[in-house]
Amino acid sequence: MSQHRLRASAPFLLGCFGAVLFLVAIAHHVNEVSLIDGVTGPVLAVALDGLLALGIVYSGYWVAGTDLPTEGEWTALSWSLGGAVLIGGVISATVLVRAFEGRTIAEPIFPVLVATEVGAIAGLLAGYNNARARADARRAKTISDAFAFVNTLIRHDLRNDLTVIRGYAEAIAADLGPTANENGPGGPSVVVEKSTEALDRIDTTEAIAETLLGEASLEPVDIAGITAEMANRVEEAFEATVTTDLPDEALVTGNAGLRSVVDNLLENAAEHNDADDPSVHVDVTTDSETVRLVVRDNGPGIPDSRKGTIFDSEPGDPSGSGLSLVGTLIDAYGGSVRIEDNEPRGSVFVVELPRAAATDGCGRLAGAVGSDASPWPIRPVSRVFNRPPVTVAAPIGTGSGNTCSGTTATDTGRCSR
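Written out as structure tokens, the structure reads:
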């Protein structure tokens, strides 16, 4: 029999091992009946070691029905046999010690059988859990590798395609001049706007993934600029009036994932607003150490019973998953979020984040010389949210270098690496 076929027969071998133990138990206790008066004792003994042996027989059938790979089934068998040898061997050793001492041992086979069967079952459970953990780890790695590949594909190929599309649209808009959008909402400026939004979402998705994995490099981000942009988008997408009270700049310690935080809070306030005249007001204030983002709405409000769990993901609740992401990201940024009641109705979401030091145009700390002046790796995310329009002569591919005044489709208004 080949090694592969032997490993594939692990459940059958496990069942056979249990059957052998059962036959040994039956033979031993049948012999006991002829040696002692009465059958009650042997019957009770069979009920113990016989049922344990049958449990091992059934475990072979059970292992075969699991989704463990062949290697996992073999692991379960190996651990079961190892447990039987270990526990049964220890009890057998105690019997041998007593025999060596010259003591009379009335009936050693029964306790050795029970110990062997208990060891086999314990080893089986331990081996199954070990095999399951290994299989889950391999599956998780496969899924992780697949997501990493897709993420790389989106970040690279899709980003390049969108960059080319935006470059062509900008070139067409420049050629058409003031008449670029006279043909309705399908003009080139809309293509530029939507492709830019898609590029921003790619950046945001990348930042969120890095943050959730604990691999993010936090940096100064202008939450005031993000809020102004998200407020305009939400007001266009929903039938709600969105007003803002924002400073010129409010830098916090975060990354591009902060866009998702603001977007989810504003969308949640507008989408679920059932007022006759739905309105959302957002303001950003700063002090020496903290930046505070406050989102107020006149919607139905949030019951007290849900305020403590609203940031936990709830299956089937789209807003719940979005707010769960909000809570996770804010925790990663070292901030906090709480919910209060608005007057006369509605909710108030209060987000507090650590204030970051001011930066120059390329994400360096103001007045600093060299990278050592910054306590964290800095990339100027804030410039992504306040990108000035730049006309390109023709669509081009991915830019290179480390510049803050890019005039290519890739470097438009960004500090690229």
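Under the UniProt record's numbering, read the sequence shown as residues 1 to 417, first letter to last.
Ideal placement from N, C-alpha and C gives every residue a C-beta, glycine not left out.
Query raised in the report: Mapping DSSP to helix, strand and coil, what is G38?
Result: As a first step, residue 38 is located in the sequence shown; it is residue number 38 there, counting from the start. If DSSP states are grouped into helix, strand and coil, G38 belongs with coil.
Query raised in the report: Could you give the residue range of the beta strand (DSSP E) that holds T253?
Result: Translated into positions along the sequence shown, residue 253 becomes position 253. Annotation for T253: the continuous beta strand (DSSP E) segment containing it runs 251-254.
Query raised in the report: Can you tell which of A237, N232, A250 has the C-alpha that lies nearest to the C-alpha of G244?
Result: As a working mapping, residue 244 is identified with position 244 in the sequence shown. Position check: residue 244 holds Thr in this sequence, whereas Gly was assumed. Among A237, N232, A250, the Cα nearest to that of T244 is on N232.
Query - Nearest candidate by alpha-carbon position, reference D203, set S80, G346, A256, I226 - result: Position 203 of the sequence shown, counted from the start, is the residue given in the question as residue 203. D203 has its Cα closest to that of A256, out of S80, G346, A256, I226.
Requested in this report: Buried or exposed for R364, please, with buried defined as at least 16 other CB atoms from any protein chain shown within 10 angstroms of its CB.
Outcome: Here residue 364 is taken as the residue at index 364 of the sequence shown, counted from 1. At R364, the pLDDT of 46 sits below 50, so the modelled position is not reliable; the number obtained from the coordinates is stated separately. Result: buried.
Query raised in the report: Can you give, in chain order, each stretch of the beta strand (DSSP E) that sits fully within the stretch 283-361 and has at least 3 residues?
Result: Runs of the beta strand (DSSP E) inside the stretch 283-361: 290-297, 336-341, 347-354.
Query raised in the report: Three-state secondary structure (DSSP) at D277?
Result: Start at 1 with the first residue of the sequence shown, and residue 277 comes out as number 277. D277 carries a coil assignment under DSSP once its states are collapsed to helix, strand and coil.
Requested in this report: Give every residue of the same chain whose Cβ lies closer than 7 angstroms to the Cβ of E117, excluding the five residues on either side of it in the sequence, and list them in chain order.
Outcome: Along the sequence shown, one-based indexing puts residue 117 at 117. The beta carbon of E117 lies closer than 7 angstroms to those of L21, D49, L52, A53, I56 in the same chain, with the five residues before and after it left out.
Report task. Locate the beta strand (DSSP E) running through E219, then write down its first and last residues. Result -> Residue 219 sits at position 219 when you count from the first residue of the sequence shown. Counting along the chain, the beta strand (DSSP E) containing E219 begins and ends at 219-222.
Query raised in the report: Could you check where the beta strand (DSSP E) with T244 kicks off and where it finishes?
Result: Taking the sequence shown and counting its residues from 1, the one referred to as residue 244 is at position 244. 241-245 is the extent of the beta strand (DSSP E) around T244.
Requested in this report: Go through its chain and collect everything with a Cβ distance to G335's Cβ below 6 angstroms, but skip five positions before and after it.
Outcome: The count along the sequence shown starts at 1 and reaches residue 335 at position 335. The answer, listed in chain order, is E352, L353.
Query raised in the report: Could you give the residue range of the alpha helix (DSSP H) that holds I172?
Result: Your numbering for residue 172 matches position 172 in the sequence shown. In the DSSP annotation of this structure, the continuous segment of the alpha helix (DSSP H) that includes I172 starts and ends at 159-176.
**Report entry** Per-residue DSSP class, three states only, for P69
**Finding:** Indexing the sequence shown from 1 puts residue 69 at position 69. Judged by DSSP in its simplified three-state form, P69 adopts coil rather than helix or strand.
Query raised in the report: Hey, how far is the Cα of D248 from the Cα of A133?
Result: Numbered from its first residue, the sequence shown carries residue 248 at position 248. Numbered from its first residue, the sequence shown carries residue 133 at position 133. If you draw a straight line from the Cα of D248 to the Cα of A133, it comes to about 52 angstroms.
Query - T309 versus Q3 - alpha carbon distance - result: Sequence index remark: in the sequence shown, residue 309 carries index 309 (1-based). Sequence index remark: in the sequence shown, residue 3 carries index 3 (1-based). Straight through space, the alpha carbons of Q3 and T309 are spaced by roughly 53 angstroms.
**Report entry** Nearest-angstrom Cα separation, counted from A198 out to E210
**Finding:** Here residue 210 refers to the residue found at position 210 of the sequence shown. Here residue 198 refers to the residue found at position 198 of the sequence shown. Roughly 19 angstroms separates the two Cα atoms.
Query raised in the report: Is the distance from the Cβ of N264 to the Cβ of S279 below 9 angstroms?
Result: Taking the sequence shown and counting its residues from 1, the one referred to as residue 264 is at position 264. Taking the sequence shown and counting its residues from 1, the one referred to as residue 279 is at position 279. At a Cβ-Cβ threshold of 9 angstroms, N264 and S279 do not count as neighbours.
Report task. Take the Cβ of T391 as the centre, count every other Cβ of all protein chains shown within 10 Å, and call the residue buried at 16 or more, exposed below. Result -> On the sequence shown, position 391 is the one that residue 391 refers to. The pLDDT assigned to T391 is 32, lower than 50, so where the model puts this residue is not dependable; a value taken from the coordinates is nonetheless given after this. Result: exposed.
Query - Residue range of the alpha helix (DSSP H) that includes P111 - result: As a working mapping, residue 111 is identified with position 111 in the sequence shown. Residues 109-153.
Query - Three-way DSSP call (helix, strand, coil) for T227 in this model - result: Indexing the sequence shown from 1 puts residue 227 at position 227. Here T227 sits in helix by DSSP.
Requested in this report: With L6 as the anchor, note down where its alpha helix (DSSP H) starts and where it stops.
Outcome: For this step, residue 6 is matched to residue 6 along the sequence shown. Segment 3-8, the alpha helix (DSSP H) holding L6.
Query raised in the report: Of all the options E107, E289, L68, S144, which has the alpha carbon lying nearest to the alpha carbon of L213?
Result: To locate residue 213, count along the sequence shown from 1; it is residue 213. L213 has its Cα closest to that of S144, out of E107, E289, L68, S144.
Query raised in the report: Is there contact here, the stretch 107-114 with the stretch 146-156, by at least three beta-carbon pairs under 8 angstroms?
Result: No contact exists between the stretch 107-114 and the stretch 146-156.
Query raised in the report: How long is the line joining the alpha carbons of Y58 and L14, rounded to whole angstroms?
Result: Residue numbering aside, residue 58 sits at position 58 when the sequence shown is read from its first letter. Residue numbering aside, residue 14 sits at position 14 when the sequence shown is read from its first letter. In this structure, the straight-line span from the alpha carbon of Y58 to that of L14 is close to 9 angstroms.
Query raised in the report: In terms of residue numbering, what span does the alpha helix (DSSP H) encompassing T196 cover?
Result: Locating residue 196 in the sequence shown gives position 196, counting from the first residue. Judged by DSSP secondary structure, T196 falls within the alpha helix (DSSP H) whose first and last residues are 188-212.
**Report entry** Span separating the alpha-carbon of T75 from that of L153
**Finding:** Position 75 of the sequence shown, counted from the start, is the residue given in the question as residue 75. Position 153 of the sequence shown, counted from the start, is the residue given in the question as residue 153. Cα to Cα, T75 sits roughly 37 angstroms from L153.
Query raised in the report: Where does R259 sit, in a helix, a strand or coil, going by DSSP?
Result: Your numbering for residue 259 matches position 259 in the sequence shown. It is helical.
Query raised in the report: Is it true that the CB of L246 sits closer than 9 angstroms to the CB of V252?
Result: Looking up residue 252 in the sequence shown gives position 252. Looking up residue 246 in the sequence shown gives position 246. The answer is no: Cβ separation not under 9 angstroms.
Query - Inter-residue spacing [alpha-carbon to alpha-carbon] between V85 and R201 - result: As a first step, residue 85 is located in the sequence shown; it is residue number 85 there, counting from the start. As a first step, residue 201 is located in the sequence shown; it is residue number 201 there, counting from the start. Approximately 59 angstroms between the Cα atoms of the pair.
Requested in this report: Using the Cα positions of G301 and E206, report the straight-line distance between them to the nearest angstrom.
Outcome: In the sequence shown, the residue the question calls residue 301 occupies position 301. In the sequence shown, the residue the question calls residue 206 occupies position 206. Approximately 32 angstroms between the Cα atoms of the pair.
**Report entry** Of the listed residues A135, V191, F349, L6, nearest to D161 (C-alpha basis)
**Finding:** The residue labelled residue 161 in the question sits at position 161 within the sequence shown. Ranking the options by Cα distance to D161, first place goes to V191.
Query raised in the report: Does DSSP put H272 in a helix, a strand or coil?
Result: Here residue 272 corresponds to residue number 272 of the sequence shown, with the count starting at 1. Three-state result, H272: coil.
Query raised in the report: For the putative contact between K307 and I339, defined by C-beta atoms under 8 angstroms, what is the C-beta separation to the nearest angstrom?
Result: The sequence position of residue 307 within the sequence shown is 307, counting from 1. The sequence position of residue 339 within the sequence shown is 339, counting from 1. Between K307 and I339 the beta-carbon gap is near 5 angstroms, inside 8 angstroms, which marks them as a contact.
Requested in this report: Using three-state DSSP, classify R98 as helix, strand or coil.
Outcome: What you label residue 98 is simply residue 98 of the sequence shown in a count that begins at 1. Note: R98 maps to helix in three-state DSSP.
Query - T70 versus A8 - alpha carbon distance - result: By one-based count along the sequence shown, residue 70 stands at place 70. By one-based count along the sequence shown, residue 8 stands at place 8. Approximately 6 angstroms between the Cα atoms of the pair.
**Report entry** Alpha carbon of P220 to alpha carbon of R159, nearest angstrom
**Finding:** Residue numbering aside, residue 220 sits at position 220 when the sequence shown is read from its first letter. Residue numbering aside, residue 159 sits at position 159 when the sequence shown is read from its first letter. Each residue's alpha carbon lies about 24 angstroms from the other.
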